[in-house]
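In this note's numbering, the protein residues as written are 54 to 551.
Quick notes on the structure that follows.
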Amino acid sequence: MQFLHHLLGLISSPFSIPNPPAFKGYISKTIGRAHWIIHNQHSFLVSYLEQIKETTSDTLLTNPLFRRHRYKKMGKLEIAHENRKEAYLVKIYNYPHLFQKIKQLFKHTRGFNEFNMTYLAAIKGIPVEVPVACGERKYVFTKESYLIIREIKNSHSLREYFRSNTSLKERRDVLQKFGKLAKNVHESGVKQDAFSLDNFLVYSDETGSKKIIVIDFEMVSIRTKGLKEKLCVWYLAKLNREKGFSYTDRIRFLLSYTCGDLIHCKKLARRIQELTVRIQKQDAKKSSKLCVYENRTFGIFKSDKFHGYYRKKYEPEILAESFNALEKTTNNILHIGHFQIIRFREDIDPKFNYRSITKAWTNANALFALRINVPIPIGIFKSCFPKVKKEGFLVAQMPDNCIPLKQRPELYSDKNLLFILLRFVEQVSPFGVFSKDLNLQDILVQENGDHRLKCYLGNYTSFRINRLPVQKNTPINIHIIKQLLQASDALTENGRSA
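See below:
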């Protein structure tokens, strides 16, 4: 019987975890129905895994982390060892459907792939945190795969780091190290599809200096030679989409990436910018299609009174509470906390229909995907009462401390504000033009605590995405803003003279 079980295991799992000699410093252990390879320095994990007997999501994830993924769970695990607690991050991949299990017969599990890619990257000299253990639980078919990684205390992703208030000297040092690391990653042949600020971890080492490592090798393949320049530019363009670090930060990063070659840096920056616009337009097109379907980002909202689509980051219960306030007012624009609810009504706009508000929702998500400064689109909803007049509602989260440009004091004399408006035109011009009926109420101005100004596009319908290059869009947008300010100034002068 044991021989038959072993034979079935070989037939059904030709891609099982290799023997430890393939990985220096690791031991092999079979615990229950799970096969593990564990690093020698963390061999005390064996006794812990033997104590829990059956490895499952419930026994491993003592502190589950929220993860919006259907076939992946994450959590933290703490184990007492030598009078101290060791903290680990645990990833569990499951394969509940038969089709997934059959596919798994012909390839390695996701847990092992991530372990293997991290291990190979470390061999190539890339600073990583190699997993301390990798396991698979199978009985004929693979049921789950596991990955255990040591948690680095007081570490942050580069996205979190750039958002924090750090000294200029330290920030420059981190950007320089980040540029060199990105260059090293590409020259080593590490093809990381999820090349973003979230995939780099920064922390202080024993000497107190900042260290950056690469994390999350789930979507990684490693080539024998370095990546081609075209692919490197593609990844740098994906990184360039990120918010959270300034234009100056990007230049410092590229100077470090090009080893201080200013001419190469300028040429590379132009190529990256052109490709970034193309990628962002693709993202916008994709987001405008996904926002009307059930997926990881968007959901379908249904209640007795309303039906629509919403962003899953926001709880449906909160949206339902906002709708209760709508019944007490007939205002077309309602502010509840940070939420702004715009009401569309058939008796006010004769051209109104449910298709038009769906188009407004898709356009809002396209602008948000372009990373243009706009309020976050939360949801679009329509009333479910066929006997009453049609109504629709667009819900958005407004930025803090924002007022319409029309209400801004010293609108025409504040040179700083005019400069911010010009920068806003530069931000939106690669993607399209303002509509001709743009007014001062459609542009919002935000003032931070340090008196820095920022412009937002408050009206999603006042911008048109097109395929024209930035060289053609910029003069059009400048002309529209100039006409807008001149018309408003003329009205102000007429009001004073009257």
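Using N, Cα and C, we set each Cβ at its ideal position, and we do this for glycine too.
Check the C-beta distance from residue i over to residue j and give it rounded, since I have them as a contact under 8 Å.
{"i": "Ile529", "j": "Ala337", "result": "In fact, because the Cβ distance is near 19 Å, the residues do not count as touching under 8 Å."}
{"i": "Asp302", "j": "Leu254", "result": "Actually they do not touch by this definition, with Cβ atoms about 18 Å apart."}
{"i": "Leu98", "j": "Ala186", "result": "6 Å"}
{"i": "Lys435", "j": "His360", "result": "6 Å"}
{"i": "Tyr310", "j": "Ala235", "result": "6 Å"}
{"i": "Val273", "j": "Lys244", "result": "7 Å"}
{"i": "Thr162", "j": "Glu182", "result": "Wrong, their Cβ atoms sit about 20 Å apart, outside the cutoff."}
{"i": "Cys455", "j": "Val498", "result": "7 Å"}
{"i": "Leu491", "j": "Ile533", "result": "6 Å"}
{"i": "Lys278", "j": "Gly242", "result": "6 Å"}
From residue i to residue j, what distance separates their C-alpha atoms?
{"i": "Thr514", "j": "Ala413", "result": "7 Å"}
{"i": "Met54", "j": "Lys156", "result": "Per-residue confidence for Met54 stands at a pLDDT of 48, beneath the threshold of 50, marking its modelled position as unreliable; the derived number appears in the next sentence. Rounded to whole angstroms, Met54 to Lys156 spans 27 Å at the Cα level."}
{"i": "Asn252", "j": "Asp246", "result": "10 Å"}
{"i": "Phe248", "j": "Gly297", "result": "15 Å"}
{"i": "Leu470", "j": "Pro483", "result": "21 Å"}
{"i": "Thr171", "j": "Tyr141", "result": "16 Å"}
{"i": "Ala78", "j": "His95", "result": "It is Gly, not Ala, that sits at residue 78 in the sequence shown. Distance between the alpha carbons of Gly78 and His95: 10 Å."}
{"i": "Asn169", "j": "His239", "result": "18 Å"}
{"i": "Tyr199", "j": "Lys82", "result": "14 Å"}
{"i": "Phe351", "j": "Leu315", "result": "43 Å"}
{"i": "Ala417", "j": "Phe487", "result": "14 Å"}
{"i": "Phe477", "j": "Pro457", "result": "15 Å"}
{"i": "Lys196", "j": "Ile325", "result": "43 Å"}
{"i": "Lys468", "j": "Lys443", "result": "45 Å"}
{"i": "Glu167", "j": "Gly390", "result": "43 Å"}
Applying the 10 Å Cβ sphere with the 16-neighbour rule, what's the burial state of residue i?
{"i": "Phe152", "result": "exposed"}
{"i": "Lys106", "result": "The predicted model places Lys106 with a pLDDT of 49, which falls under 50 and marks its position as unreliable, so this point remains unresolved."}
{"i": "Cys312", "result": "exposed"}
{"i": "Val427", "result": "buried"}
{"i": "Ala87", "result": "buried"}
{"i": "Gly261", "result": "exposed"}
{"i": "Ala540", "result": "exposed"}
{"i": "Ile386", "result": "exposed"}
{"i": "Asp495", "result": "buried"}
{"i": "Glu259", "result": "exposed"}
{"i": "Phe8", "result": "Residue 8 lies beyond the stretch modelled for the chain, which goes from 54 to 551, so this question has no answer here."}
{"i": "Asn526", "result": "buried"}
{"i": "Gln333", "result": "buried"}
{"i": "Phe472", "result": "exposed"}
{"i": "Ile353", "result": "exposed"}
{"i": "Arg224", "result": "buried"}
{"i": "Leu284", "result": "exposed"}
{"i": "Thr383", "result": "exposed"}
{"i": "Glu135", "result": "exposed"}
{"i": "Pro149", "result": "exposed"}
Based on Cα-Cα distance, which residue from the options lies nearest to residue i?
{"i": "Arg331", "options": "Gly313, Lys358, Trp287, Phe359", "result": "Trp287"}
{"i": "Cys344", "options": "Thr383, Phe397, Arg224, Pro430", "result": "Pro430"}
{"i": "Arg396", "options": "Leu284, Asn416, Ser375", "result": "Ser375"}
{"i": "Lys327", "options": "Leu289, Leu506, Ser356", "result": "Inspection of the sequence shows that residue 327 is occupied by Glu rather than by Lys. Selected option, being the one with the closest Cα: Leu289."}
{"i": "Glu463", "options": "Phe477, His150, Glu139, Leu538", "result": "Leu538"}
{"i": "Ile433", "options": "Leu200, Ile425, Val193, Ile394", "result": "Ile394"}
{"i": "Asn207", "options": "Lys263, Ile275, Glu271", "result": "Lys263"}
{"i": "Glu131", "options": "Tyr101, Asn501, Thr195", "result": "Tyr101"}
{"i": "Phe165", "options": "Gly178, Lys144, Lys177, Ile304", "result": "Lys144"}
{"i": "Leu447", "options": "Leu474, Asn136, Leu372", "result": "Leu372"}
{"i": "Ser217", "options": "Asn93, Ser299, Asn147, Arg137", "result": "Ser299"}
{"i": "Phe306", "options": "Leu250, Lys138, Arg276", "result": "Leu250"}
{"i": "Arg505", "options": "Asp357, Phe215, Asp453, Lys489", "result": "Asp453"}
{"i": "Asp269", "options": "Phe421, Met127, Ser356", "result": "Met127"}
{"i": "Phe159", "options": "His391, Ala422, Phe194", "result": "Phe194"}
{"i": "Asn147", "options": "Tyr256, Lys191, Gln536", "result": "Lys191"}
{"i": "Glu103", "options": "Lys177, Ser210, Gly85, Lys138", "result": "Gly85"}
{"i": "Tyr367", "options": "Cys508, Ala449, Leu493, Ser409", "result": "Ala449"}
Does the ligand ATP have a heavy atom nearer than 7 Å to the CB of residue i?
{"i": "Ile205", "result": "For the structure depicted, the ligand ATP is absent and the ligand set is empty, with no information on it obtainable."}
Quiz item: Can you list, in chain order, the stretches of the alpha helix (DSSP H) that have 4 or more residues and sit fully within the region 201-279?
Solution: With a minimum length of 4 residues, the continuous alpha helix (DSSP H) runs that stay inside the region 201-279 are 211-216, 221-240.
Practice problem: Could you tell me which uninterrupted beta strand (DSSP E) segments, each at least 3 residues in length, are contained entirely in the region 340-397, listed from first to last along the chain? | Solution: Runs of the beta strand (DSSP E) inside the region 340-397: 351-355, 359-364, 386-389.
Quiz prompt | Every unbroken beta strand (DSSP E) inside the region 408-448 [3 residues or more] | solution = Segments of the beta strand (DSSP E) lying fully in the region 408-448: 429-436.
Quiz prompt | Ranges of the alpha helix (DSSP H) found wholly within the region 284-321, counting only runs of at least 4 | solution = Whole alpha helix (DSSP H) segments, 4+ residues: 300-310.
Exercise. Quick one: which unbroken beta strand (DSSP E) runs of 3-plus residues sit fully inside the region 453-535? Chain order, please.
Key: Under the rule that a run must span 3 or more residues, the beta strand (DSSP E) segments found entirely inside the region 453-535 read 455-457, 485-487, 496-500, 506-510, 516-518.
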